[in-house]
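Working notes, structure below.
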Amino acid sequence: MSCPAPLSIIYCSKCGVPPEYCPFGPDFQSHCMPALIREHPALAQQLYGTQEATDPKSDSDDPAPTASKTVSEETTNLEPWTPTERLTAFYNKYDPTKIPSIPTILTKYSGKEDALFTALTVKYGDEPLDPYLKVKYGIVEEDDEEVVSEGVSGLKLAQGLATKKVFTGKARGTSVKSVEKTCTRIVISKSKLQKKKWQTIVIGLETSPTIKLKEASQAFRKRFAGSSSVKDVAGRKEVIIQGDHVEECGRFIVEKFKVKKEEVWIDEDGEFVNVC
Amino acid sequence: MSFKRFQSSDCSTSTPVKASVQRYLKSSLVESNPLLAPHIDSLIPKKPPLTAYKVTSFLTLYTLNSLPILFETRDGPVLPTLRFVHQYPTLFTSCRVDSGAIPFILGGANIMCPGLVNPGSELNEDYEIGQSVVVYAEGKEHALAVGHLKMGAKEIKEVNKGMGCEVAHFIGDGLFETKSIE
Ligand SMILES: [Zn+2]
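These protein sequences, in sequence, are chains A and B. Sequential numbering of the first sequence, starting at 1, is according to full-length UniProt numbering. Sequential numbering of the second sequence, starting at 1, is according to full-length UniProt numbering.
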């Protein structure tokens with residue numbers, strides 16, 4: 001009689017036991033469960049009835065191409081979003097006309113995605129929250145106190161002096177760390193008023209601890225010899241300067257207010273470049 | 001006796017197993033696990049010989065191509081390691097504990113009779129005292145321990161009190177963590 005082939009067994013990559021026994025270990029919530037969901041979504045589904053992660057490669061019979069896939073509120077995708085999904089969700093919320101150009105944008109920002117998202121959140125507002133992080137960190141979207149975690153660095157940046165909290169969850173084995181720091185993010189863009197008439201829009205100035213909005217507006221007025229005003233737009237402060245001063249303004253902010261170059265972006269028609 | 005605090009560094013001296021000892025190990029394994037009989041020679045071929053590691057004066061571990069597959073205690077039967085059992089789950093004599101017993105076993109405890117009697121458990125009435133068993137658990141697919149009965153199955157059901165099965169090796173113990181020994 002021939003010998004049965006040995007079964008290949010899945011052991012937990014974190015604690016080493018067959019995953020069905022992970023709940024009896026101390027690191028189940030913090031380590032085993034996230035790893036299992038990432039590495040063996042089907043088994044996670046089978047054991048814990050969690051929603052299966054939608055892997056774009058595996059659902060080949062899904063006629064919708066990935067890039068145009070709308071990420072609905074109900075999606076409980078238990079893999080972290082890929083940059084494509086993250087950006088799709090973002091533009092889906094703020095500017096769906098940009099969705100077709102997502103692949104181009106991501107190629108351009110390859111490796112610098114976090115900078116892209118940071119700049120985007122300053123320009124448009126909060127990022128839609130990745131459901132994976134909601135599940136992983138138990139984040140409640142409405143709760144201003146507890147949001148923002150690793151990977152969502154830009155999430156709350158548009159709301160005043162942003163606080164960045166890194167949540168590591170309610171771990172039993174590991175101590176809960178919560179890191180706070182402020183991030184300065186300034187984005188300068190321009191918009192056309194009429195033929196040959198532009199205005200320069202500066203947002204995020206209040207995220208710098210060294211800048212007072214009124215003083216900045218006055219300084220702009222002096223520097224660019226034109227009117228400048230502070231406006232309240234959708235709960236955010238914008239400083240509007242008449243005329244096209246985007247690049248000069250960027251350099252001016254860096255020199256005058258001692259803001260780091262990496263913290264100031266110029267929005268060139270949807271593309272963010274750091275001040276040079 | 002258990003592998004609770006076992007480390008691979010506890011295996012100081014290794015010796016190739018003599019052909020006669022290897023035959024004895026295989027026959028005693030087949031005796032307590034009859035389903036293994038047709039496959040034993042392909043699972044444990046004559047060559048290469050197993051390697052024996054004396055862990056303590058009363059515990060010996062056997063590896064095949066560096067993988068621990070069997071062990072033997074002075075008073076107990078020859079038992080398979082759990083990683084070996086997981087590969088061939090249907091070939092070993094087994095029992096099942098109710099789900100309430102799982103945390104105790106994983107904590108290193110022996111199995112008390114109720115764990116083998118309560119609803120959800122399974123224990124073949126024909127098992128006699130000393131029978132080696134691979135221990136499964138209610139609602140779980142994979143075996144979580146190996147050991148031998150301290151009473152006959154009938155007695156366990158009648159008495160339903162005290163230790164019913166002595167656990168030698170369980171998931172997460174030192175032997176389980178030792179995937180291979182070089
Ligand atoms: Zn685990």
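Quick reminder that beta carbons are idealized off the backbone N, C-alpha and C, glycines included.
Are residue 55 (chain B) and residue 6 (chain B) touching if we call contact CB-CB under 8 Å?
yes
Can you check whether the C-beta of residue 233 (chain A) is within less than 8 Å of a C-beta belonging to chain B?
no
Would you mind working out which of B:8, B:173, B:135, B:75 sits nearest residue 25 (chain A), comparing C-alpha positions?
B:173
Leaving out the 5 sequence neighbours to the left and right, which residues in its chain are closer than 6 Å to residue 63 (chain B) when beta-carbon positions are compared?
51, 181
Can the beta-carbon of residue 126 (chain B) be found less than 8 Å from the beta-carbon of residue 143 (chain B)?
no
In the DSSP assignment, find the unbroken beta strand (DSSP E) run with residue 99 (chain A) in it and report its ends.
Segment: none, residue 99 (chain A) is in no beta strand (DSSP E) and carries neither H nor E.
With a threshold of 7 Å (Cβ to nearest heavy atom), would residue 25 (chain A) be considered close to ligand 1?
yes
Answer yes or no: do residue 80 (chain B) and residue 67 (chain B) have a C-beta to C-beta separation smaller than 8 Å?
no
Just to confirm the assignment: which complete alpha helix (DSSP H) runs, minimum length 4, are found wholly within the UniProt domain "PUA" (93-172) of chain B?
102-106, 113-117, 153-159
Could you tell me the alpha carbon to alpha carbon distance between residue 177 (chain B) and residue 8 (chain B), rounded to whole angstroms?
9 Å
Within 8 Å, strictly: CB atoms of residue 275 (chain A) and residue 243 (chain A)
no
Just the Cα atoms here: how many angstroms apart are residue 14 (chain A) and residue 134 (chain B)?
25 Å
Those residues, in chain order, that have a beta-carbon closer than 5 Å to some heavy atom of ligand 1
A:12, A:14, A:15, A:22, A:32
Is it the case that the Cβ atoms of residue 9 (chain A) and residue 39 (chain B) are separated by a distance below 8 Å?
no
Three CB pairs or more closer than 8 Å across the segment 250-260 of chain A and the segment 190-198 of chain A
no
Contact list for residue 171 (chain B) against chain A, beta-carbon separation under 8 Å
17, 18, 21
Counting only C-beta atoms, is residue 87 (chain B) closer than 8 Å to chain A at any point?
yes
Looking at chain A, is there any beta carbon in it that lies within less than 8 Å of the beta carbon of residue 36 (chain B)?
no
Which chain A residues are close to residue 102 (chain B), counting only those with a beta carbon under 7 Å from its beta carbon?
24
In three-state DSSP terms, what is residue 267 (chain A)?
strand
Test item: CB-CB of residue 97 (chain B) and residue 121 (chain B) under 8 Å
yes
Under a CB-based cut-off of 8 Å, is residue 41 (chain A) close to chain B?
no
Under 8 Å between C-beta atoms, does residue 7 (chain A) make it to chain B?
yes
Looking only at C-alpha atoms, which of B:94, B:82, B:2 sits nearest to residue 73 (chain B)?
B:2
Given a cut-off of 8 Å, decide if residue 102 (chain A) and residue 120 (chain A) are closer than it, judged by their beta-carbon atoms.
no
Among B:102, B:17, B:110, B:44, nearest to residue 60 (chain B) - alpha-carbon criterion:
B:17
Which first and last residues belong to the alpha helix (DSSP H) in which residue 246 (chain A) is found?
246-257
Should residue 113 (chain A) be listed as close to ligand 2, given that the test is whether its C-beta is under 7 Å from any heavy atom?
Annotation note on ligand 2: not contained in the displayed structure, which lists ligand 1 as its ligands.
The segment 5-35 of chain B: which residues have C-beta closer than 9 Å to a C-beta of chain A, in chain order?
none
Should residue 116 (chain A) go down as buried or exposed, given a rule of 16 or more other Cβ atoms within 10 Å for buried?
buried
Tell me, please, whether the CB atom of residue 67 (chain B) is closer than 8 Å to any CB atom in chain A?
no
Of all Cβ atoms in chain A, is any one closer than 8 Å to the Cβ of residue 138 (chain B)?
no
In the structure shown, what three-state DSSP assignment does residue 29 (chain A) receive?
helix
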